[in-house]
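Heads up: the sequence shown is residues 1 to 303, going by UniProt numbering.
Let me begin by presenting the structure, written as structure tokens, before commenting on it.
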Amino acid sequence: MAILIGKQSRIVIQGITGREASMVARHTLDYGTPVLAGVTPGKKGQEVHGIPVYDTMREAVQEHGVDTSLIVVPPAFALDAVQEAIAYGIRVIVVTTENIPQMDTVKMLALARQHQVRIIGPNTVGMINPGERVKLGSIGGDHPERCFVPGHVGVISRSGGMTAETSWMVKRAGFGVSTSVGIGGDALIGTTIRDLLELFEQDPDTHAVVTFSEPGTMFEEQAAEFVKAGGFTKPLISAIAGRFTESMPEGTVFGHAGALISGDTGRPSRKAEKLREAGAHVVDRYDDLIAVLQTVMTAKEAK
Numbered sequence: 001m002a003i004l005i006g007k008q009s010r011i012v013i014q015g016i017t018g019r020e021a022s023m024v025a026r027h028t029l030d031y032g033t034p035v036l037a038g039v040t041p042g043k044k045g046q047e048v049h050g051i052p053v054y055d056t057m058r059e060a061v062q063e064h065g066v067d068t069s070l071i072v073v074p075p076a077f078a079l080d081a082v083q084e085a086i087a088y089g090i091r092v093i094v095v096t097t098e099n100i101p102q103m104d105t106v107k108m109l110a111l112a113r114q115h116q117v118r119i120i121g122p123n124t125v126g127m128i129n130p131g132e133r134v135k136l137g138s139i140g141g142d143h144p145e146r147c148f149v150p151g152h153v154g155v156i157s158r159s160g161g162m163t164a165e166t167s168w169m170v171k172r173a174g175f176g177v178s179t180s181v182g183i184g185g186d187a188l189i190g191t192t193i194r195d196l197l198e199l200f201e202q203d204p205d206t207h208a209v210v211t212f213s214e215p216g217t218m219f220e221e222q223a224a225e226f227v228k229a230g231g232f233t234k235p236l237i238s239a240i241a242g243r244f245t246e247s248m249p250e251g252t253v254f255g256h257a258g259a260l261i262s263g264d265t266g267r268p269s270r271k272a273e274k275l276r277e278a279g280a281h282v283v284d285r286y287d288d289l290i291a292v293l294q295t296v297m298t299a300k301e302a303k
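Shown next, in the form of structure tokens:
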């Protein structure tokens, strides 16, 4: 088992005829993930790597019963794509698009909450379930198996690149991944660390979770409150990058739109403090993930 995606997922790619989406579709198929349909207005009748293309989500749903969407479209069209996906019953949506106008993001996230639809992103590398060889997004590139091997550790990362790196650290520690999720680098996203911890708690195939965090937002503090309240009871190992940013001028943005410190909000030191108070294993150096994970998992297996 895993969370959110698996062999049961019936996948459609919105914007599939674009250059990036076409490349992602190729890598997805090569990994073994079935993609049933693509949607690009005005391109009906075409095929992308053997995947039939339709003008509308309505046609894709009617023809293939799709329920999971990967959205790879320009920023100006992202809101329309999400609205169309939700209108035709899509339950899980991965939005890879970055630089979406903020008001459009607010609207799409509000609509998703209203219809109880799960959005990963925007500005996400995607997610992967190595045990069933199912991935959505550019995560893992053309050889996901280099970093992602099946196992019982969930991975949550705010950084796209560090989603793979952290999963590779899990592999180096001698373990594998149940599901690895890049939640997106923006301040406004559909699924937070806390949300995923709730899902991982319910997944019997996930025995522990590793998170990679950055400065900015209250995501880690919210996750800490959830853990402290007993919402997540499995081992949690956290790496928080960017301690140097606390000595920089307030309001400086570091890399991602969400990596911004304002007052006490977003400080890596505060995130670490709150997570430690909740019982998480917070590493001081990223390389320490391997030893801490080995210790935690050995102790868990001994019980």
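Positions of the beta carbon are idealized from the N, C-alpha and C atoms, including for glycine.
In this text, all values refer to a predicted model and were calculated from it rather than measured experimentally.
Within the model, the alpha-carbon separation for Arg194 versus Glu201 is close to 11 Å. The stretch 92-101 makes contact with the stretch 121-130, as at least three CB pairs between them are under 8 Å. With contact defined as three or more Cβ pairs closer than 8 Å, the stretch 38-55 and the stretch 166-176 are not in contact. The C-alpha of Asp287 lies about 23 Å from the C-alpha of Pro130.
Runs of alpha helix (DSSP H) with 4 or more residues, each lying fully within the stretch 184-245, are found at 193-202 and 219-228, listed in chain order.
Listed in chain order, the non-local C-beta contacts of Val292 below 7 Å within the same chain comprise Ile237, His281 and Val283, local neighbours out to five positions each way being set aside.
Beyond the five residues adjoining it in sequence on each side, Gln46 comes within less than 7 Å, by CB distance, of Thr17 and Val53 in the same chain, given in chain order. Within the stretch 83-149, the complete alpha helix (DSSP H) segments at least 4 residues long are 102-114, listed from N- to C-terminus. Judged by pairs of C-beta atoms under 8 Å, the stretch 110-120 does not touch the stretch 148-161, as fewer than three such pairs exist.
Proximity to Gly266 across Arg243, Gly32 and Gly42 peaks at Arg243, based on C-alpha coordinates. As computed with DSSP, Thr68 is found in a beta bridge with Ile11 and Val92. Your pair Leu275 and Ala224 checks out as a contact, with CB atoms roughly 5 Å apart and the cut at 8 Å.
Around the CB of His27, 16 or more other CB atoms lie within 10 Å, so the residue is classed as buried. For Pro268, there is no enclosing beta strand (DSSP E); the enclosing alpha helix (DSSP H) has its first and last residue at Pro268 to Ala278.
With respect to Leu70, Ile13 sits close: the two C-beta atoms are nearer than 7 Å. By the Cβ-count criterion, Pro204 is exposed, with fewer than 16 other Cβ atoms from all chains shown falling within 10 Å of its own Cβ.
Going by C-alpha positions, His49 is about 47 Å away from Ala299. Around the beta carbon of Met57, 16 or more other beta carbons sit within 10 angstroms, so the residue counts as buried. One Cα belongs to Val177, the other to Val61, and the distance between them is close to 31 Å.
With respect to the 7 Å criterion, Val72 and Gly15 are classified as neighbours on the basis of their beta carbons. Ile3 carries a coil assignment under DSSP once its states are collapsed to helix, strand and coil. Per DSSP, the unbroken beta strand (DSSP E) holding Val39 starts and ends at Val35 to Val39.
For Val35 and Lys135, the gap between their C-alpha atoms comes out near 10 Å. Membership of Tyr31 in the alpha helix (DSSP H) is indicated by the continuous run Arg19 to Tyr31.
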